[in-house]
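Asks: Each residue of the sequence shown is one higher than the one before, counting from 40 in this note's numbering. Here it is: the structure, laid out below.
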Amino acid sequence: MYVQTILLERMKEAMVFFICSFYFRRIAKPKINLLQEDNRQIRKNHRQSSEDNRRREGHHRK
């Protein structure tokens, strides 16, 4: 009886771990990649707009 409960606990832990890793691989990773892409775009846009502002002001510092 005692051994069975230990096995059940182990099975539950394994299931939880499996579900979590599956969830992470399926859902979290693509989201992280999308976030990184967004950040790159934002940074690029920000750099572009600051260059435009400098051009408008007439400062040509590099």
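Quick reminder that beta carbons are idealized off the backbone N, C-alpha and C, glycines included.
Since A67 is in the alpha helix (DSSP H), which residue starts that stretch and which ends it?
Replies: Element bounds for A67: n/a, residue is neither H nor E.
Asks: Using 7 Å as the limit for Cβ to Cβ distance, is N84 near chain C?
Replies: No chain C appears in the structure shown, which is made up of a single protein chain.
Asks: To the nearest angstrom, how far is it from the Cα of L73 to the Cα of D91?
Replies: 27 Å
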